[in-house]
Amino acid sequence: MRVSLRERIRQLHRVIGLSIGLFVVMVAVTGAGMLFRESLEPVVYHGLLKVESCKNRLPLDTLIANASASNPVAGRPKQVRIYADADSSTRVLFSDNRWYYVNPCTGKVLGNEDRYGGLFGTMASLHSFQFLKKNGSVFAGTLALTFAIVLVGGGLALWIPETLRKRRRPVTIKPKLTGRAHWLSLHKTLGAYVSLIVLASALTGALQSFQFVRDALYTLTASKPPAPSPKLVVRADAQSLPVEALWQRAQALVPQPKYARIRYPGKPGDAFNFDLVARDAPHINAFSVASLDSSTGKVLRFTPYSENSLGHRIYLTALAFHYGWLSGGFIQLLQLIGMLSVPVLAYLGIGSYLRGKRPPPAPVSPRTTLALKVARKAAEAENIQSFELVDPAGKALPPFTAGSHLDVRVPGGKVRQYSLCNPPGERHRYLIAVMRAEPTRGGSRAMHEQVKEGDLIEVSTPKNHFPLVKSAKHSLLIAGGIGITPILCMTEHLAGLGADFKMHYFARSPARAAFVDRIKRSKFADRVFFHFTEDEKQQRIDLAALLQTHGPEMHLYLCGSEAFMNAVIDTALQKGWRKDRMHREYFSVERSESDNNVEFEVTITSTGKTICVPADKTVIAALADSGIHITASCEQGVCGTCVTRVLEGEPQHRDVFLSDDEKNRNDRFTPCCSRANSRTLVLDL
Ligand code: FES
């Protein structure tokens, strides 16, 4: 069984989307909130983050001591954050994982907050899976990579080739689509618009999670080998200098930094680390890094931002982008749109999936077959023969209504539809008439040449796709050629009811018109008008005249060749007829070489099997070659027997069975004749 790469990507995209979709949505939504953390936090936590502007700051050791004293179980300090703004509090993180906010000028402790508590702390925890403690970061990174590669990359891999192949404009919204196709189209279109921005956010986020990737990035782009991590070679109990003294020395390296982080030694013997953002730094994440000996204040290592390896600078810039610290409002706004699109994409994707899981449309009418005897075969006109079918045992036949047809299995096994043309209400016989078609697909010729009186033939019980409208006050019936069969049956019925109607019968000549004597002998003969002409111009004149006047309660019933019916419909529309007042029945569909078939694929959803449909084969034929059989009847898109549900892709409808609304929904098609606009159709088989 061959499953195409494209189908594998589609399946993976769907499975991954459904399984990690909600996690991705959580990360995206919290990410959207985090983008504006720097701007919103001082508003939401004004009392903790903002102080009255002041310049004379107390020594850091005093601030740290005050913070520690405010909570005796705070533990040891781990990090201090200092902002250059005159109205920003100084923040100290202790080993209890809480931030303590201190007024740098008065030393007053403003309060404390769990590192991952409060609105933004909770968002940060959810965004990077900190609640998983040990492996949260790796989980978040793996999720981001899976999202980037499978969902964004896979989505683009599916969408780009199809767009290029069809030479569509890169991004198109198809307002005509409905149902599942509509949801999928919106999913694809939105995905195409936001793919690059969410891809950038996911990859820059993933970068934070994998230290080995960062190390590789730094090393590969470094002009000289990175210096080893500085360690103090002093006794662990050596006296440490005041933090303020170390801070002053760090400021000698980067004067008056915009922002600084002081990271305490992880264990005795490690250096004090200072991350400093210089006044002229390109962004708030452009750190210069200094490591100082805590006991002597000696600078063990100092790397200005500009001397970081290219990889290190790329990483710091990527991080700044990820957190919305880069270039202000416009990029932040794009990121916000990208993040908020993720839940919409998930909603559309899941919605389209669920629509595909709904129960299939009701099967085409249940079929009961009858074996009937040909009681009489008669020539009704040039190339037209009638067949009177009766029950071999003389039993009454199932009733039928005006406009009904039979599916008839013709010699050779094919099934064709023929309208009943005897008066409805007759139970002792069915009467059909068959015109020998030129060119023929075999059905009408077999009926003419091989079926004899006395033969048994298999037919369905009567089915009606062309019923009369019961509420119609006036009816105009128009038959073209062999289209007289259902029209005559309808006329008999309306005459029996005493209804108001007129019937017009177009044929090339009296010799080609069937049932002329029967009509002329009928009680309704005065309401039937014959139009015998081979002159198309004359036909148009006649049609224009008879469609000229019509009341709001008049219904038009029409049967004939496709060209004839199109001419009638066009004329009727020009004369102001409403579409819902026009009813027609096709008995065949004319096709031309201009159908311009192209090859495409169909995928069987139950097996994942993908089958190529060559330009010269129908879907039904291509499936049959692979051992998959769909029941068909007319094989022309007339009867609806083969209607099959479409789960993905856009069918190219070529049938006359589905209504315009049904076609626009694109969730089913007739594989006997219809093809595909998309590269692939996924069928619910
Ligand atoms: Fe009749 Fe397809 S077989 S519509």
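Heads up: the sequence shown is residues 936 to 1620, going by our numbering. All C-beta atoms in this analysis are idealised placements derived from N, C-alpha and C, irrespective of residue type, glycine included.
Within 6 angstroms of the ligand FES: residues by beta-carbon to any heavy atom: Ala1567, Ser1568, Cys1569, Glu1570, Gly1572, Val1573, Cys1574, Gly1575, Thr1576, Cys1577, Asp1590, Phe1592, Thr1605 and Cys1607
Thinking just about the alpha-carbon of each residue, which of Ile1555, Ile1392 and Tyr1521 is nearest to the one in Gly1348?
Taking the first residue of the sequence shown as position 1, residue 1348 is located at position 413. Checked all of Ile1555, Ile1392 and Tyr1521; the closest Cα to Gly1348 is Ile1392.
Practice problem: Look at the Cβ atom of Met1489, then the Cβ atom of His1409, and state whether they are nearer than 8 angstroms. | Solution: Counting from 1 along the sequence shown, the entry for residue 1489 is found at position 554. Counting from 1 along the sequence shown, the entry for residue 1409 is found at position 474. Yes, they are a contact pair.
Q) Who are the Cβ neighbours of Tyr1521 in its own chain at under 6 angstroms, not counting the five residues just before and after it? A) The sequence position of residue 1521 within the sequence shown is 586, counting from 1. Contacts found: Val1573 and Val1591.
### Message
Here's a check: name, in chain order, each residue in its chain whose Cβ is nearer than 6 angstroms to the Cβ of Ala1306, leaving out the five neighbours to either side.
### Response
By one-based count along the sequence shown, residue 1306 stands at place 371. Only Leu1391 and Glu1393 meet the Cβ criterion.
Taking Lys1514 as the reference, which of Val1008, Gly1056, Leu1478 and Ser1594 has the closest Cα? Locating residue 1514 in the sequence shown gives position 579, counting from the first residue. The option with the nearest alpha carbon to Lys1514 is Ser1594.
Ends of the beta strand (DSSP E) at Thr1545? Locating residue 1545 in the sequence shown gives position 610, where the first residue counts as 1. Start and end: Thr1545 to Val1548.
Considering only their Cβ atoms, is the gap separating Thr1420 from Phe1436 smaller than 8 angstroms? As a first step, residue 1436 is located in the sequence shown; it is residue number 501 there, counting from the start. As a first step, residue 1420 is located in the sequence shown; it is residue number 485 there, counting from the start. Cβ atoms of Phe1436 and Thr1420: not closer than 8 angstroms.
Taking the alpha carbon of Tyr1250 as the point to measure from, which residue in His1518, Thr1396, Asn1220 and Leu940 has its own alpha carbon closest? Here residue 1250 corresponds to residue number 315 of the sequence shown, with the count starting at 1. It is Asn1220 whose Cα lies nearest to the Cα of Tyr1250.
*asked:* My output table needs one value for Gln1509: the three-state DSSP class, helix, strand or coil.
replied: Within the sequence shown, numbered from 1, the residue matching residue 1509 stands at position 574. DSSP places Gln1509 in helix when its eight states are reduced to three.
| query | Which class does Leu1125 belong to by DSSP, given the choice of helix, strand or coil? | reply | Walking along the sequence shown from the start, residue 1125 turns up at place 190. Three-state DSSP puts Leu1125 in a helix.
Whose C-alpha, out of Pro1177, Arg1214 and Lys1202, is nearest the C-alpha of Ala1195? The residue you call residue 1195 lines up with position 260 of the sequence shown. The candidate whose alpha carbon is nearest that of Ala1195 is Arg1214.
- request: Can you tell me the Cβ-Cβ gap for Thr1057 and Pro1039, rounded? I've got them flagged as a contact below 8 angstroms.
  value: Looking up residue 1057 in the sequence shown gives position 122. Looking up residue 1039 in the sequence shown gives position 104. In fact, because the Cβ distance is near 27 angstroms, the residues do not count as touching under 8 angstroms.
Going residue by residue through the stretch 1037-1090, where are the continuous alpha helix (DSSP H) segments of at least 4 residues, counting only ones entirely within it?
1053-1062 and 1071-1081
Apart from the five residues on each side of it in sequence, which residues of its chain come closer than 8 angstroms, Cβ to Cβ, to Ile1132?
The residue you call residue 1132 lines up with position 197 of the sequence shown. If we look at Ile1132 and ignore the five residues flanking it on each side, its Cβ neighbours are Leu1269, Gln1270, Ile1272 and Gly1273.
Q) With DSSP run on the structure shown, which of helix, strand or coil describes Ser974? A) On the sequence shown, position 39 is the one that residue 974 refers to. Of the three classes helix, strand and coil, the one that applies to Ser974 here is helix, per DSSP.
Q) According to DSSP, what are the bridge partners of Tyr1240? A) As a first step, residue 1240 must be located in the sequence shown, where it is residue number 305. Beta-bridge pairing links Tyr1240 to no other residue.
*8 angstroms Cβ cutoff met for Ala1253 and His1218*: Counted from its first residue, the sequence shown places residue 1253 at position 318. Counted from its first residue, the sequence shown places residue 1218 at position 283. Going by C-beta atoms, Ala1253 is not nearer than 8 angstroms to His1218.
In this structure, how does DSSP classify Ile1272 when only helix, strand and coil are distinguished? As a first step, residue 1272 is located in the sequence shown; it is residue number 337 there, counting from the start. If DSSP states are grouped into helix, strand and coil, Ile1272 belongs with the helices.
**Report entry** Simplified DSSP state of Glu1520, which is helix, strand or coil
**Finding:** Counting from 1 along the sequence shown, the entry for residue 1520 is found at position 585. If DSSP states are grouped into helix, strand and coil, Glu1520 belongs with the strands.
Out of Thr1484, Asn1599 and Glu1323, point me to the one whose CA is closest to Gly1389's CA. Translated into the one-based positions of the sequence shown, residue 1389 becomes position 454. Nearest option by C-alpha distance: Glu1323.
Can you tell which of Phe1145, Ala1059, Pro1487 and Gly1042 has the C-alpha that lies nearest to the C-alpha of Arg1050?
Here residue 1050 refers to the residue found at position 115 when the sequence shown is read from its first residue. Here the closest residue by C-alpha is Ala1059.
Quiz item: Quick one: is Pro1622 buried, meaning 16 or more other Cβ sit within 10 Å of its Cβ, or exposed?
Solution: The chain is shown only over 936 to 1620; residue 1622 falls outside these bounds and no answer can be derived.
- Under a three-way DSSP split, which group does Gln1320 fall into? Translated into the one-based positions of the sequence shown, residue 1320 becomes position 385. Three-state DSSP puts Gln1320 in a strand.
Check this for me: beta carbons of Val1178 and Leu993, under 8 angstroms apart or not? Residue mapping note: residue 1178 aligns to position 243 of the sequence shown, counting from 1. Residue mapping note: residue 993 aligns to position 58 of the sequence shown, counting from 1. No, Cβ-Cβ distance for Val1178 and Leu993 is not below 8 angstroms.
Spell out whether any CB of chain B is found under 8 angstroms from the CB atom of Thr1545. Among the chains in the structure shown there is no chain B, since it carries only a single protein chain.
Could you spell out where the beta strand (DSSP E) holding Leu895 opens and where it closes? Residue 895 lies beyond the residue range present for the chain, which begins at 936 and ends at 1620; the question has no answer from this structure.
(request) Mind reading off the beta-carbon distance from Ala1137 to Phe1074? Whole number of angstroms is fine, and I expect it under 8 angstroms. (result) Locating residue 1137 in the sequence shown gives position 202, where the first residue counts as 1. Locating residue 1074 in the sequence shown gives position 139, where the first residue counts as 1. The pair is not a contact, with the Cβ atoms about 14 angstroms apart (cut-off 8 angstroms).
Since Pro1467 sits in a beta bridge, which residues does DSSP pair it with?
-> Taking the sequence shown and counting its residues from 1, the one referred to as residue 1467 is at position 532. In the sequence under discussion, the amino acid at residue 1467 is Phe, which differs from the Pro named in the question. Phe1467 pairs with Ala1442.
_Looking at the secondary structure, which residues open and close the alpha helix (DSSP H) in which Arg1380 lies?_
Your numbering for residue 1380 matches position 445 in the sequence shown. Segment Gly1378 to Gln1385, the alpha helix (DSSP H) holding Arg1380.
(Q) On the CB-based measure, 16 or more other CB atoms within 10 Å of its CB, does Asp1551 come out buried or exposed? (A) Counted from its first residue, the sequence shown places residue 1551 at position 616. By the neighbour-count rule (16 or more Cβ atoms within 10 Å), Asp1551 is not buried but exposed.
- Given a threshold of 16 other Cβ atoms within 10 Å of its Cβ, counted over all protein chains shown, does Leu1618 qualify as buried or as exposed? Looking up residue 1618 in the sequence shown gives position 683. Leu1618 should be labelled buried.
Inset, instruction - Quick one: grab the DSSP three-state call for Asp1210. - result: By 1-based counting over the sequence shown, the position of residue 1210 is 275. In the structure shown, Asp1210 sits in a strand (DSSP, three-state: E or B).
- request: Please name the residue in Val1212, Gln1267, Asp1452 and Ala1430 whose C-alpha comes closest to that of Glu1315.
  value: The sequence position of residue 1315 within the sequence shown is 380, counting from 1. Residue Asp1452 is the option with its Cα nearest to Glu1315.
Three-way DSSP call (helix, strand, coil) for Arg1302 in this model
If you number the sequence shown from 1, residue 1302 lands on position 367. Residue placement at Arg1302 is flagged as unreliable, the pLDDT there being 49, under the threshold of 50; the coordinate-derived value follows with that caveat. Reduced to three states, the DSSP call for Arg1302 is coil.
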